[in-house]
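S.K.: Below: one structure in structure tokens.
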Amino acid sequence: GIQVEQSPPDLILQEGANSTLRCNFSDSVNNLQWFHQNPWGQLINLFYIPSGTKQNGRLSATTVATERYSLLYISSSQTTDSGVYFCAVAQGGSEKLVFGKGTKLTVNP
Amino acid sequence: GAGVSQTPSNKVTEKGKYVELRCDPISGHTALYWYRQSLGQGPEFLIYFQGTGAADDSGLPNDRFFAVRPEGSVSTLKIQRTERGDSAVYLCASSSHQASTDTQYFGPGTRLTVL
Chain D
1 GIQVEQSPPD
11 LILQEGANST
21 LRCNFSDSVN
31 NLQWFHQNPW
41 GQLINLFYIP
51 SGTKQNGRLS
61 ATTVATERYS
71 LLYISSSQTT
81 DSGVYFCAVA
91 QGGSEKLVFG
101 KGTKLTVNP
Chain H
1001 GAGVSQTPSN
1011 KVTEKGKYVE
1021 LRCDPISGHT
1031 ALYWYRQSLG
1041 QGPEFLIYFQ
1051 GTGAADDSGL
1061 PNDRFFAVRP
1071 EGSVSTLKIQ
1081 RTERGDSAVY
1091 LCASSSHQAS
1101 TDTQYFGPGT
1111 RLTVL
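Protein sequences, first through last, are from chains D and H.
For the first sequence, this note's numbering gives the first residue as 1, with consecutive numbering after it.
For the second sequence, this note's numbering gives the first residue as 1001, with consecutive numbering after it.
Right, dumping it as structure tokens:
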């Protein structure tokens, strides 16, 4: 099956810093989502982005489908951005999302 | 409600017992998914419903696990003869399954602990 690799596994930032999280996947996809899992375990949708670029406030994401990677940018990070960020993909003909292992982000005040 | 809801939020049971976990999807969403998340890992797919039927149950680990969605809305995940290894957070998601966006929206999960 498709493999999803996220990097870095852990990231520690000072409040106000910017960061880039990466997601590599091993095959073509027709669904790619970024999630933020907060400290209470809730998975919050950030982007549905199988291709192209989207922005939402301080967050933006870019997926280059032909090169099989996606990037999540967080600017001016805040302590509330802390948590685990997951990339998940689905291939054509399948509805199931395959998740990476996540990037654990800690933003210190 | 506005989002996916799951009950109970926590369930503690003894090894060998039977448990049922419930999921209420977003109103109008035809697709419903169950995932399981172990500590420190990403969620893993269990089963997917389109309407009332299970369209893909390839993620169910064994025949102790079963799920139903009899009226195409609420779903119940059933686990027989629970084992300690079944302890995890069970997540439900739903989507409107439209061609323009297949975003899956997740509920808060049920934390299952098997003693």
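The beta-carbon is built from N, C-alpha and C at its ideal position, and this holds for glycine as well.
1) Output, in chain order, the set of chain H residues within a Cβ distance shorter than 9 Å of Gln42 (chain D).
2) What in chain D is Cβ-close to Phe1066 (chain H), meaning under 9 Å?
3) Quick one: what's got a C-beta closer than 7 Å to Asp81 (chain D)'s C-beta in the same chain, skipping five residues either side?
4) In this structure, what does DSSP give as the bridge partners for Ile1047 (chain H)?
5) Which residue's Cα is closest to the Cα of Gly1028 (chain H): H:Tyr1090, H:Leu1021, H:Ser1073?
6) Within the 8 Å Cβ cut-off, does Gln33 (chain D) reach chain H?
7) Within the 8 Å Cβ cut-off, does Tyr85 (chain D) reach chain H?
8) For Phe25 (chain D) and chain H, any beta-carbon pair shorter than 8 Å?
9) Rounded to the nearest angstrom, what separates Leu13 (chain D) and Ser19 (chain D) at their Cα positions?
10) Would you call Trp1034 (chain H) buried or exposed, if buried means 16 or more other Cβ atoms sit within 10 Å of its Cβ?
11) Quick one, which of H:Asn1010, H:Tyr1105, H:Asp1086 has its alpha-carbon nearest Pro1061 (chain H)'s?
12) Looking only at its own chain, which residues have a Cβ that is under 7 Å from the Cβ of Ser1005 (chain H), when we skip the five neighbours before and after it?
13) Does the segment 1013-1022 of chain H come into contact with the segment 1067-1083 of chain H, if we say contact requires no fewer than three beta-carbon pairs (one atom in each stretch) closer than 8 Å?
14) I want to see whether chain D comes within less than 8 Å of Thr1132 (chain H), judged by CB atoms only; does it?
15) Give me the residue from D:Ile49, D:Gln3, D:Gly16, D:Glu15 with the minimum Cα distance to Ser70 (chain D).
16) Buried or exposed: where does Arg58 (chain D) fall if 16 or more other Cβ atoms within 10 Å of its Cβ makes it buried?
17) Find the residues of chain D that neighbour Gly1059 (chain H), judging by a C-beta separation of less than 9 Å, and give them in chain order.
18) Considering only the alpha carbon of each residue, which of D:Arg68, D:Leu11, D:Thr103, D:Gly83 lies closest to Gln3 (chain D)?
19) Would you mind listing the beta strand (DSSP E) stretches within the segment 1049-1093 of chain H that are 3+ residues and don't spill past its ends, in chain order?
20) May I ask you to report which of helix, strand or coil DSSP gives Thr80 (chain D)?
21) What does the alpha-carbon distance come out to for the pair Asp1102 (chain H) and Leu43 (chain D)?
22) Out of D:Ser76, D:Asp27, D:Ala88, D:Asn56, point me to the one whose CA is closest to Gly158 (chain D)'s CA.
23) Quick one: list the residues of chain H neighbouring Lys101 (chain D), beta-carbon separation under 7 Å, in chain order.
24) Which residues of chain A have a Cβ atom closer than 9 Å to the Cβ of Ala1031 (chain H), listed in chain order?
M.R.: Let me spell this out:
1) Here residue 42 (chain D) corresponds to residue number 42 of the first sequence, with the count starting at 1. Going along chain H in sequence order, the residues near Gln42 (chain D) (Cβ under 9 Å) are Phe1106, Gly1107, Pro1108, Gly1109.
2) Translated into positions along the second sequence, residue 1066 (chain H) becomes position 66. Neighbours of Phe1066 (chain H) on chain D: none; closest Cβ ~18 Å, over 9 Å.
3) Counted from its first residue, the first sequence places residue 81 (chain D) at position 81. Here the set comprises Ile74, Leu105, Val107.
4) Reading the second sequence from its first residue, position 47 is the one you call residue 1047 (chain H). For Ile1047 (chain H), which the question treats as bridged, DSSP gives the partners H:Trp1034.
5) Within the second sequence, numbered from 1, the residue matching residue 1028 (chain H) stands at position 28. Closest option to Gly1028 (chain H), Cα to Cα, is H:Ser1073.
6) Within the first sequence, residue 33 (chain D) is the residue found at index 33, counting from 1. With 8 Å as the cut-off, Gln33 (chain D) counts as an interface residue toward chain H.
7) One-based indexing of the first sequence puts residue 85 (chain D) at position 85. Not an interface residue.
8) Within the first sequence, residue 25 (chain D) is the residue found at index 25, counting from 1. Chain H contact via Cβ: absent.
9) Taking the first residue of the first sequence as 1, we reach residue 13 (chain D) at position 13. Taking the first residue of the first sequence as 1, we reach residue 19 (chain D) at position 19. So the alpha carbons of these two residues sit roughly 8 Å apart.
10) As a first step, residue 1034 (chain H) is located in the second sequence; it is residue number 34 there, counting from the start. The residue in question, Trp1034 (chain H), is buried, as its Cβ has 16 or more Cβ neighbours within 10 Å.
11) As a position in the second sequence, residue 1061 (chain H) is number 61, starting the count at 1. For Pro1061 (chain H), the nearest C-alpha among the options comes from H:Asp1086.
12) Residue 1005 (chain H) sits at position 5 when you count from the first residue of the second sequence. Closer than 7 Å at the Cβ level, and outside the excluded window around Ser1005 (chain H), lie Asp1024, Gly1107.
13) yes
14) The displayed coordinates of chain H run from 1001 to 1115. Any statement about residue 1132 (chain H) would go beyond what the structure contains.
15) As a first step, residue 70 (chain D) must be located in the first sequence, where it is residue number 70. Ser70 (chain D) has its Cα closest to that of D:Ile49, out of D:Ile49, D:Gln3, D:Gly16, D:Glu15.
16) Translated into positions along the first sequence, residue 58 (chain D) becomes position 58. Classification of Arg58 (chain D): exposed, given that the 10 Å Cβ count is below 16.
17) Translated into positions along the second sequence, residue 1059 (chain H) becomes position 59. Those are Lys96, listed as they occur along chain D.
18) As a first step, residue 3 (chain D) is located in the first sequence; it is residue number 3 there, counting from the start. Comparing Cα-Cα distances from Gln3 (chain D) to each of D:Arg68, D:Leu11, D:Thr103, D:Gly83, the minimum goes to D:Arg68.
19) 1053-1056, 1065-1068, 1075-1079
20) Position 80 of the first sequence, counted from the first residue, corresponds to residue 80 (chain D). Residue state, collapsed to three classes: helix.
21) Numbered from 1 along the second sequence, position 102 holds the residue referred to as residue 1102 (chain H). Numbered from 1 along the first sequence, position 43 holds the residue referred to as residue 43 (chain D). If you take the alpha carbons of Asp1102 (chain H) and Leu43 (chain D), they lie about 16 Å apart.
22) Nothing about residue 158 (chain D) can be reported from this structure: the residues present for chain D run from 1 to 109 only.
23) Position 101 of the first sequence holds residue 101 (chain D). Gln1041, Gly1042, listed in chain order.
24) You won't find chain A in this structure, because its protein chains are D and H.
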